[in-house]
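Numbering (the numbering used here), first residue to last: 955 to 1124.
Even for Gly, the Cβ is constructed at its ideal location relative to N, Cα and C.
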């Protein structure tokens, strides 16, 4: 248990650093901004208590907010995403029992499960984030397009992270 907790703290710090130092400075065509910190929220263990998942995602979002001067924007989006996570998991797989220690990875859960899980979680996060940032539906098409393009980029990075950092259990 202590080892899992320590790994999550290291993962937390690495995702905050990657987002703040690298990915916040990537702006593809003035339209696409990858938000890789949400991958931390996606990779929280499935058997983590709800309150701890909410607290972890809130702290992740708040950490990004502090460094990007966006008070509460990322904290709100990350918290909403992890709040909806149990419902998304039930929609994807209604008859599967969650085993203790099971990770929501491409290799542990399978490609179909991971695809629906990561795409739905990242889309929820990005659509909410961009519309909350704009606080208006006046430019609905532009905002929605930007959210979708940024989400697509983040999804590609989520898959890349799966192949680089998460391995199949033996």
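First and last residue of the alpha helix (DSSP H) that includes residue 1091? Annotation for residue 1091: no alpha helix (DSSP H) segment contains it, and DSSP assigns it neither H nor E.
In chain order, what residues of the same chain lie with their CB nearer than 7 Å to the CB of residue 988, ignoring the 5 residues before and after it? 977, 980, 1104, 1107, 1108 and 1111
Could you tell me the alpha carbon to alpha carbon distance between residue 967 and residue 1013, rounded to whole angstroms? 11 Å
Residue 1033: first and last residue of the uninterrupted alpha helix (DSSP H) it sits in: 1027-1046
Please tell me whether residue 1018 and residue 986 are closer than 8 Å, where the distance is taken between their beta carbons. no
What is the DSSP secondary structure of residue 982, counted as helix, strand or coil? Correct three-state label for residue 982: strand.
Quick one: measure Cβ to Cβ for residue 1127 and residue 1008, integer angstroms, because I've assumed they're closer than 8 Å. No answer is possible for residue 1127: it lies beyond the span of the chain, which begins at 955 and ends at 1124.
Report the option in 999, 1120, 1045 and 1078 whose CA atom is closest to the CA atom of residue 1053. 999
Selection from 1075, 1022 and 1021 that minimises the alpha carbon distance to residue 1044: 1075
Identify which residue in 1102, 1005, 1065 and 1085 has its Cα closest to the Cα of residue 1039. 1005
Quick one: using the 10 Å Cβ neighbour count with 16 as the cut-off for buried, is residue 1028 buried or exposed? buried
Using only alpha-carbon positions, find the residue among 1042, 1055 and 1046 that is nearest to residue 957. 1055
Sub-8 Å separation of residue 1086 and residue 1030 beta-carbons: yes
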